[in-house]
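If you read the sequence shown in our numbering, its first letter stands for residue -4, the second for the next number, and so on. Glycine included, each C-beta is placed from N, C-alpha and C at the ideal position.
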Amino acid sequence: MSGTFTLRVSGMTCPKCVGRVDKALRGLEGVAECEVSLGEGDEEEGRARVRGHGADLMGRCCCALEEGGYPARPREVVRVRVEGMTCPKCVGRVDKAVRR
-4 MSGTFTLRVS GMTCPKCVGR VDKALRGLEG VAECEVSLGE GDEEEGRARV RGHGADLMGR
56 CCCALEEGGY PARPREVVRV RVEGMTCPKC VGRVDKAVRR
């Protein structure tokens, strides 16, 4: 099985943490590539986008990060249809409301 998924990662506070998470993920068998980033703005959790293959890769990634002191969980994806947006300002308002 192959695919791409995003994890929400807690405990990352600086670029050095990002490097540690990146190294832990790249060290796992089946990880083809990953992109790790700190949370933006008020977000307390960082993100790790992983592409790879293998049985239970997502679970193995979460376990490896937990062992390294960075609890991780799959990012939930929710799709919402929004009607009535007529300008870029509307987009900004909706984006701000969703991020709360």
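Checklist entry - My guess is that L23 and R55 are in contact by the Cβ rule of under 8 Å, so how many angstroms apart are they, rounded? => result Within the sequence shown, the letter at position 28 stands for residue 23. Within the sequence shown, the letter at position 60 stands for residue 55. Rounded, the Cβ-Cβ distance is 6 Å, consistent with contact.
Item to check | Strand pairing of R44, partner residues [DSSP] | outcome: For the purposes of this step, residue 44 is taken as the residue at position 49 of the sequence shown. Residue pairing by DSSP places R44 opposite T1 and E30 in a beta bridge.
Item to check | Residues bridged to P69 [DSSP beta-bridge criterion] | outcome: By one-based count along the sequence shown, residue 69 stands at place 74. According to DSSP, P69 shares a beta bridge with L2.
Next on the checklist: Here's a check: name, in chain order, each residue in its chain whose Cβ is nearer than 6 Å to the Cβ of R46, leaving out the five neighbours to either side.
Outcome noted: Along the sequence shown, read from residue 1 onward, the residue named residue 46 stands at position 51. Result list for R46: T(-1), A27 and E28, in chain order.
Checklist entry - alpha helix (DSSP H) containing C82: first to last residue? => result Within the sequence shown, residue 82 is the residue found at index 87, counting from 1. Per DSSP, C82 belongs to no alpha helix (DSSP H) and is neither H nor E.
Item to check | Start-to-end residues for the alpha helix (DSSP H) that takes in E62 | outcome: On the sequence shown, residue 62 is found 67 positions in, with the first residue counted as 1. Per DSSP, E62 is one residue of the alpha helix (DSSP H) stretching across L52 to E62.
Item to check | Rounded distance between the beta-carbons of T1 and A43, thought under 8 Å | outcome: Indexing the sequence shown from 1 puts residue 43 at position 48. Indexing the sequence shown from 1 puts residue 1 at position 6. Their Cβ separation, rounded to whole angstroms, is 7 Å, which keeps A43 and T1 in contact under 8 Å.
Checklist entry - Helix, strand or coil: which one does DSSP assign to R76? => result By one-based count along the sequence shown, residue 76 stands at place 81. Of the three classes helix, strand and coil, the one that applies to R76 here is coil, per DSSP.
Item to check | Local conformation of E20 per DSSP, three classes | outcome: Taking the first residue of the sequence shown as position 1, residue 20 is located at position 25. Checking the sequence shown, residue 20 turns out to be Leu, not Glu. In this structure, L20 counts as helix in the three-state DSSP scheme.
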